[in-house]
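Enquirer:
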Amino acid sequence: MRTINTLFLTGSHFCPDEQELATLASLYPQVNVTSVGMLAYTSRHIEQAQIVVGLPKPEDLKLAANLRWLQTPSSGVSQYVDPALYASVPPLLTNARGTYGKQIADHIIGMIIAFNHNLLCYHDQMKTRNWKRHFPVKDLWESTLVIVGLGDIGTQLALRAKAHGLRVLAVKRTATEKPPYVDELGTESELDAFLAQADYVALCAASTQQTEHLLDARRISLLPERAYVFNVGRGNLIDQHALAEALQTGRISGAGLDVTTPEPLPVDHILWTLDNVLITPHASGLSPSDPHQVFSLFLKNLDLFLQDKPMINLIDYSRAY
Numbered sequence: 012m013r014t015i016n017t018l019f020l021t022g023s024h025f026c027p028d029e030q031e032l033a034t035l036a037s038l039y040p041q042v043n044v045t046s047v048g049m050l051a052y053t054s055r056h057i058e059q060a061q062i063v064v065g066l067p068k069p070e071d072l073k074l075a076a077n078l079r080w081l082q083t084p085s086s087g088v089s090q091y092v093d094p095a096l097y098a099s100v101p102p103l104l105t106n107a108r109g110t111y112g113k114q115i116a117d118h119i120i121g122m123i124i125a126f127n128h129n130l131l132c133y134h135d136q137m138k139t140r141n142w143k144r145h146f147p148v149k150d151l152w153e154s155t156l157v158i159v160g161l162g163d164i165g166t167q168l169a170l171r172a173k174a175h176g177l178r179v180l181a182v183k184r185t186a187t188e189k190p191p192y193v194d195e196l197g198t199e200s201e202l203d204a205f206l207a208q209a210d211y212v213a214l215c216a217a218s219t220q221q222t223e224h225l226l227d228a229r230r231i232s233l234l235p236e237r238a239y240v241f242n243v244g245r246g247n248l249i250d251q252h253a254l255a256e257a258l259q260t261g262r263i264s265g266a267g268l269d270v271t272t273p274e275p276l277p278v279d280h281i282l283w284t285l286d287n288v289l290i291t292p293h294a295s296g297l298s299p300s301d302p303h304q305v306f307s308l309f310l311k312n313l314d315l316f317l318q319d320k321p322m323i324n325l326i327d328y329s330r331a332y
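Counted the way the numbering used here counts, the sequence shown spans residues 12 to 332.
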């Protein structure tokens, strides 16, 4: 039986426990696993690996002459889609789409409710024991949410938003039949019209050349003053300078940012100082279930890989997702 050298780069999103490793060894004894911390691997580890599960440094992939499959524990793979990164023929590349949608959608709903019910303001008032009430500008169930990107995250968010009574407008790359949990579905050609109706905008799209600065200064200017912007995709989906200016001037009401450009956000960046901004450190996808969901996905894909069958979440290098 031919041995398949497999490198596990462990971290917060992928860290198999003893039972999971025992299951892997029992089902696939030909898979020889080396497990090291995400930042602790050596060049020799990369050189020997035929399968890598984790997030290796892109600049190290030239060393991976034997690499046949890279499974990331993240949904975003923009750093790995350039074929020139690899030693020879680009390997099969799969991501962890489908493992983070629920918790990220919960995170966005939490931020929407926090702004709508003035919870951040009340928390600040506690510091001075200030007993002052603030009315929401608009009831949540009479509000409109625009979701940009209707993949796993966008779908989970739409389901939760409808449960709260919001009107949901969604934009996706290609036209499809409208699901029942979306009120209106369009492509990017409808985005401008949707933004003009938005109380809340959630950016859940993948990072590609086509989506860089998707929300630019022009599109920010289309938003009503009451609007809030939330980004859980990638920082480069927004023109961050234009966003900061709109927030400073009151052109829009606020923003919840789980991703920024760069990351970490520099300590002297203006966004840290704005009362109408909630920044979280790329943490919306964190969940106790993360490592186990990613391992389960890897195990399913491993079976498909060994049978030379189409794999789950296989990335198209030409489309970058």
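We put the CB at the ideal spot given by N, CA and C, even for glycine.
What are the residues that DSSP puts in a beta bridge with Asn-242?
Expert: Counting from 1 along the sequence shown, the entry for residue 242 is found at position 231. Note: Asn-242 sits in a beta bridge opposite Leu-214, Leu-268.
Enquirer: Please classify Ile-115: does DSSP put it in a helix, a strand, or coil?
Expert: Against the sequence shown, residue 115 aligns to sequence position 104. Helix.
Enquirer: Please state whether the Cβ-Cβ distance between Ala-213 and Ile-158 is less than 8 angstroms.
Expert: For the purposes of this step, residue 213 is taken as the residue at position 202 of the sequence shown. For the purposes of this step, residue 158 is taken as the residue at position 147 of the sequence shown. Taking 8 angstroms as the Cβ cut-off, Ala-213 and Ile-158 qualify as a contacting pair.
Enquirer: In this structure, how does DSSP classify Asn-43 when only helix, strand and coil are distinguished?
Expert: For the purposes of this step, residue 43 is identified with residue 32 of the sequence shown, where counting begins at 1. Note: Asn-43 maps to strand in three-state DSSP.
Enquirer: With a threshold of 8 angstroms on Cβ separation, who are the neighbours of Ala-60 within its own chain once the five nearest residues in sequence on each side are excluded?
Expert: Here residue 60 refers to the residue found at position 49 when the sequence shown is read from its first residue. Asn-16, Thr-17, Leu-18, Thr-45, Ala-75, Asn-77, Leu-78.
Enquirer: Whether or not the region 122–131 and the region 94–114 are in contact is what I'm after, with contact meaning three or more pairs of Cβ atoms, one per stretch, closer than 8 angstroms; do they touch?
Expert: no
Enquirer: Taking the straight line between their C-alpha atoms, what separation do you get for Ile-323 and Tyr-211?
Expert: If you number the sequence shown from 1, residue 323 lands on position 312. If you number the sequence shown from 1, residue 211 lands on position 200. Each residue's Cα considered, the two are about 32 angstroms apart.
Enquirer: Gly-48: which of Glu-58, Phe-25, Thr-34, Gln-41 sits nearest, CA to CA?
Expert: Here the question's residue 48 lines up with position 37 in the sequence shown. Ranking Glu-58, Phe-25, Thr-34, Gln-41 by Cα distance to Gly-48 puts Phe-25 first.
Enquirer: For a test of the three-state rule: what should DSSP assign to Leu-161, helix, strand or coil?
Expert: In the sequence shown, residue 161 corresponds to position 150, counting from 1. Three-state DSSP puts Leu-161 in coil, outside helix and strand.
Enquirer: Rounding to the nearest angstrom, what Cα-Cα distance links Ile-249 and Lys-173 in this structure?
Expert: On the sequence shown, residue 249 is found 238 positions in, with the first residue counted as 1. On the sequence shown, residue 173 is found 162 positions in, with the first residue counted as 1. Spanning the two alpha carbons is a distance of roughly 25 angstroms.
Enquirer: My understanding is that Ala-331 touches Thr-219, with C-beta atoms under 8 angstroms, so please give their C-beta distance in whole angstroms.
Expert: Here residue 331 corresponds to residue number 320 of the sequence shown, with the count starting at 1. Here residue 219 corresponds to residue number 208 of the sequence shown, with the count starting at 1. Yes, they are in contact, since the Cβ atoms of Ala-331 and Thr-219 sit about 4 angstroms apart, within 8 angstroms.
Enquirer: From this set, Gln-259, His-224, Arg-230, which residue's C-alpha is nearest Asn-247's C-alpha?
Expert: Along the sequence shown, one-based indexing puts residue 247 at 236. Looking at Gln-259, His-224, Arg-230, the one whose alpha-carbon comes closest to that of Asn-247 is His-224.
Enquirer: Whole angstroms are fine: how far does the CA of Pro-40 sit from the CA of Leu-315?
Expert: Start at 1 with the first residue of the sequence shown, and residue 315 comes out as number 304. Start at 1 with the first residue of the sequence shown, and residue 40 comes out as number 29. Cα-Cα distance, rounded: 16 angstroms.
Enquirer: Curious, which full-length alpha helix (DSSP H) runs of at least 4 residues does the region 127–215 contain?
Expert: 130–137, 163–174, 202–206
Enquirer: Identify whether Asn-77 lies in helix, strand or coil by the three-state DSSP scheme.
Expert: Within the sequence shown, residue 77 is the residue found at index 66, counting from 1. Coil, per DSSP.
Enquirer: What is the rounded straight-line gap between the Cα of Val-240 and the Cα of Glu-153?
Expert: As a working mapping, residue 240 is identified with position 229 in the sequence shown. As a working mapping, residue 153 is identified with position 142 in the sequence shown. Their backbone Cα atoms lie some 17 angstroms apart in a straight line.
Enquirer: Indicate the three-state DSSP secondary structure (helix, strand or coil) for Gly-109 in the structure shown.
Expert: In the sequence shown, the residue the question calls residue 109 occupies position 98. Of the three classes helix, strand and coil, the one that applies to Gly-109 here is coil, per DSSP.
Enquirer: Would you call the region 167–186 in contact with the region 127–147, where contact means no fewer than 3 C-beta pairs closer than 8 angstroms?
Expert: no
Enquirer: Can you tell me which of the three DSSP states Asn-287 falls into?
Expert: Taking the sequence shown and counting its residues from 1, the one referred to as residue 287 is at position 276. Looking at Asn-287 - three-state DSSP - the assignment turns out to be coil, as it is neither helix nor strand.
Enquirer: Of the choices Ala-36, Ala-207, Glu-199, whose alpha-carbon is the least far from that of Ala-238?
Expert: Here residue 238 corresponds to residue number 227 of the sequence shown, with the count starting at 1. Out of Ala-36, Ala-207, Glu-199, Ala-207 has the C-alpha closest to the C-alpha of Ala-238.
Enquirer: Would you report the Cα separation of Thr-83 and Gln-251, rounded to the nearest angstrom?
Expert: As a working mapping, residue 83 is identified with position 72 in the sequence shown. As a working mapping, residue 251 is identified with position 240 in the sequence shown. Linking Thr-83 to Gln-251 through their CA atoms gives a straight-line distance of about 27 angstroms.
Enquirer: With DSSP as the reference, identify every bridge partner of Gly-22, one or two as the case may be.
Expert: Here the question's residue 22 lines up with position 11 in the sequence shown. DSSP output for Gly-22 lists Phe-25 as bridge partner(s).
Enquirer: With a CB to CB cut of under 6 angstroms and the five nearest residues on each side skipped, what residues in its chain are close to Ser-89?
Expert: Numbered from 1 along the sequence shown, position 78 holds the residue referred to as residue 89. Spatial neighbours of Ser-89 in its own chain (CB-CB distance under 6 angstroms, excluding positions within 5 residues in sequence) are listed in chain order as Ser-218.
Enquirer: In this structure, how does DSSP classify Leu-72 when only helix, strand and coil are distinguished?
Expert: Within the sequence shown, residue 72 is the residue found at index 61, counting from 1. Here Leu-72 sits in helix by DSSP.
Enquirer: Between the alpha carbons of Leu-81 and Gly-65, how many angstroms are there, rounded?
Expert: Within the sequence shown, residue 81 is the residue found at index 70, counting from 1. Within the sequence shown, residue 65 is the residue found at index 54, counting from 1. Between the C-alpha atoms of Leu-81 and Gly-65 there is a straight-line separation of about 8 angstroms.
Enquirer: Whole angstroms is fine: what's the gap from Arg-144's alpha carbon to Gln-136's?
Expert: The residue labelled residue 144 in the question sits at position 133 within the sequence shown. The residue labelled residue 136 in the question sits at position 125 within the sequence shown. Their backbone Cα atoms lie some 10 angstroms apart in a straight line.
Enquirer: Please name the residue or residues paired with Asn-16 in a DSSP beta bridge.
Expert: Here residue 16 corresponds to residue number 5 of the sequence shown, with the count starting at 1. Residue pairing for Asn-16: DSSP places it in a beta bridge opposite Asn-43.
Enquirer: Give the straight-line distance between the Cα atoms of Ser-99 and Leu-168, rounded to the nearest whole angstrom.
Expert: One-based indexing of the sequence shown puts residue 99 at position 88. One-based indexing of the sequence shown puts residue 168 at position 157. Approximately 39 angstroms between the Cα atoms of the pair.
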